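Below is one structure, written out as structure tokens; comments come after it.
Number of protein chains: 2
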Amino acid sequence: MSDLSIGRLSALSGVKVPTIRYYESIGMLDAPPRSPGGQRRYGPDHLERLRFIRHGRDLGFGLDDLRALQDLSARPDQSCDEADRIARRQLLDVERRIAGLEAVRAELLRMVERCSHGVVDECRVIQTLSDHALCAHDHAGGHTASKAG
Amino acid sequence: MSDLSIGRLSALSGVKVPTIRYYESIGMLDAPPRSPGGQRRYGPDHLERLRFIRHGRDLGFGLDDLRALQDLSARPDQSCDEADRIARRQLLDVERRIAGLEAVRAELLRMVERCSHGVVDECRVIQTLSDHALCAHDHAGGHTASKAG
DNA sequence: CCTAATTCCTCTAGTCGCTATAGGTTCAAG
DNA sequence: CTTGAACCTATAGCGACTAGAGGAATTAGG
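First to last, the protein sequences are chains A and B. Mind the numbering: the first sequence is residues 1 to 149 in the numbering used here, read in order. Mind the numbering: the second sequence is residues 1001 to 1149 in the numbering used here, read in order.
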């Protein structure tokens, strides 16, 4: 039973259809059997794996990490030190990003609070960007991440 | 005076050499005059503009926003409402990302704290990834941003 | 003045994790 | 049996860079 179309798999997993095909193309997800007409037909294993990936992505893990974690989960008798190591690294990364963003947030708050809504020449927003010396904190660093879609 | 090489401009601005050329290629930075041999020679205006961009990038603004803010700062008599709007939008975005990352952090903490360092089969890290129902909070959403380089 | 090391040049392709589009085929409901 | 939705492949694009090849210019030292 099952035999899910890619659309139903997408709905059940929360992963978009083109993303599922993308995962297959980069080897994150096994290629499923096809219908006589050539369409993908998935089973429950695929759904489980996709949910694993989705959950991991939500937690900010990269696909490489998730591949490693998936490989580990396929060998249940091994020590989980490696999984623990990956998760701790991710935790540190997230905390580093939070710290960076907190500094940025403080600076942005200062900027907009001091904007007197006059003309550009006196605008704190522009002034602050032009002159880092106006900043209260050091907010430079690798915390800047692209906005999520 | 000045007449900075791209390398010195890079050192003074904190923006890497290839990035400066990239900015020129996408119109973020004016093309400077060239030496007789064809190398770029920058003046203080370029340095100022690059620092503006760098500071804005550190605060998480996209290049499009910075282009708009730069255009505004070139017209000092205009109202700064637009600059304020852009900064507030950025602030909200940063706060949304912090909130998402906080939820993720809580979940990762739960994962690694409960890891008993046994075998994979009993590993909380793997278990949690496999089953979202084990999560305390809802951490799904658009907070996931790529790691900064 | 000459050489050698460093910096600079252009161009192309790769990163990450998708997303979008074009142009065509198959499937499932009525 | 028809229709329209969902599917297929393939390619290109996003943001903001980064890396590498292969060569030319500059600069510091002798």
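Just so you know, even glycine gets a beta-carbon here, dropped at the ideal spot from N, CA and C. Computed from a predicted structure; not experimentally measured.
Here DSSP, grouped into helix, strand and coil, assigns arginine 34 of chain A to strand. Secondary structure at serine 2 of chain A: coil, using DSSP grouped into helix, strand and coil. In this structure, the CA atom of aspartate 45 of chain A is about 11 Å from the CA atom of aspartate 3 of chain A. Using a Cβ distance threshold of 8 Å, leucine 1069 of chain B and alanine 87 of chain A do not count as a contacting pair. Just measuring C-alpha positions, the residue of A:Arg114, A:Gly43, A:Gln39 and A:Glu24 sitting nearest leucine 12 of chain A is A:Gly43. Exposed is the label assigned to isoleucine 1026 of chain B, since fewer than 16 other Cβ atoms lie within 10 Å of its Cβ. Assignment of valine 119 of chain A by DSSP, reduced to helix, strand and coil, places it in the strand class. Among the residues facing chain A, proline 1076 of chain B is included, as its CB has a counterpart in that chain under 8 Å away.
Interface annotation, isoleucine 126 of chain A: in contact with chain B, CB-CB separation under 8 Å.
Beta bridge pairing from DSSP links tyrosine 42 of chain A with A:Leu4. Among the residues of the segment 63-89 of chain A, those with a Cβ less than 7 Å away from any Cβ of chain B are Leu69, Leu72, Ser73, Arg75, Pro76, Asp77, Gln78, Ser79, Cys80, Asp81, Ala83, Asp84, Ala87 and Arg88, in the order of the chain.
Below the 7 Å Cβ cutoff, chain B contributes Ile1098, Leu1101, Glu1102 and Arg1105 as neighbours of isoleucine 98 of chain A, in chain order.
Distances from the CA of serine 1116 of chain B to each of A:Arg67, A:Val120, A:Ser79 and A:Tyr23 were compared; the closest alpha carbon is that of A:Ser79.
Of the candidates A:Ile6, A:Leu63 and A:Gln127, A:Gln127 places its Cα closest to the Cα of leucine 1072 of chain B. Beta-bridge pairing by DSSP links serine 1079 of chain B to A:Val119. Against chain B, the CB of aspartate 30 of chain A has no partner CB under 8 Å away; the residue lies outside that interface.
With respect to the C-alpha of leucine 59 of chain A, the residue from B:Gln1039, B:Ser1035, B:Gly1056 and B:Leu1101 having the closest C-alpha is B:Leu1101. Counting along the chain, no alpha helix (DSSP H) covers valine 1015 of chain B, and no H or E run does either.
Less than 8 Å separates the beta-carbon of serine 1010 of chain B from that of isoleucine 1020 of chain B. With a cutoff of 8 Å on beta-carbon distance, glycine 1056 of chain B and leucine 129 of chain A are scored as near each other.
In the three-state reduction of the DSSP assignment, alanine 1074 of chain B falls in the coil class, being assigned neither a helical nor a strand state.
The residue from B:Ser1005, B:Asp1121 and B:Glu1082 with its alpha-carbon nearest to that of proline 1033 of chain B is B:Ser1005. Under the Cβ criterion of 8 Å, valine 17 of chain A is not counted among the residues facing chain B.
By the neighbour-count definition (other C-beta atoms within 10 Å, threshold 16), aspartate 1077 of chain B is an exposed residue. With respect to the C-alpha of valine 1119 of chain B, the residue from A:Ala74, A:Arg8, A:Leu66 and A:Leu50 having the closest C-alpha is A:Ala74. Per DSSP, the unbroken alpha helix (DSSP H) holding isoleucine 1126 of chain B starts and ends at 1124-1130.
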